[in-house]
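Enquirer:
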Amino acid sequence: MSEQIMKINNVDICTESFGNSKDPAILLIIGKMSSLDWRDEGPCY
Numbered sequence: 001m002s003e004q005i006m007k008i009n010n011v012d013i014c015t016e017s018f019g020n021s022k023d024p025a026i027l028l029i030i031g032k033m034s035s036l037d038w039r040d041e042g043p044c045y
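Note that the UniProt record's numbering gives residue 1 to position 1 of the sequence shown, counting from 1, and the numbers run on in steps of one.
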């Protein structure tokens with residue numbers, strides 16, 4: 001897994017990528033009060 005913080009319009013957005021880059025991408029968006037590790041392990045791990 002690799003985490004990266006991007007600054008977009010003065011907002012810090014933390015992204016995390018993992019898995020095989022040849023597989024289709026899935027975009028998960030969680031509310032502003034949740035951290036990246038909020039959800040239980042599921043189909044992505």
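C-beta: ideal position from N, C-alpha, C; glycine also.
Per DSSP, what kind of secondary structure is K7 in: helix, strand or coil?
Expert: To locate residue 7, count along the sequence shown from 1; it is residue 7. Reduced to three states, the DSSP call for K7 is strand.
Enquirer: Ordered along the chain, which non-local residues of its own chain (more than five positions away) have a Cβ less than 8 Å from that of K22?
Expert: Translated into the one-based positions of the sequence shown, residue 22 becomes position 22. Closer than 8 Å at Cβ, skipping near neighbours: no residue.
Enquirer: In its own chain, which residues sit with a C-beta less than 8 Å from the C-beta of D12, not counting the 5 before and 5 after it?
Expert: Reading the sequence shown from its first residue, position 12 is the one you call residue 12. Result list for D12: I5 and M6, in chain order.
Enquirer: Roughly how many whole angstroms lie between the Cα atoms of I26 and N9?
Expert: As a working mapping, residue 26 is identified with position 26 in the sequence shown. As a working mapping, residue 9 is identified with position 9 in the sequence shown. In this model, I26 and N9 are separated by some 24 Å (Cα to Cα).
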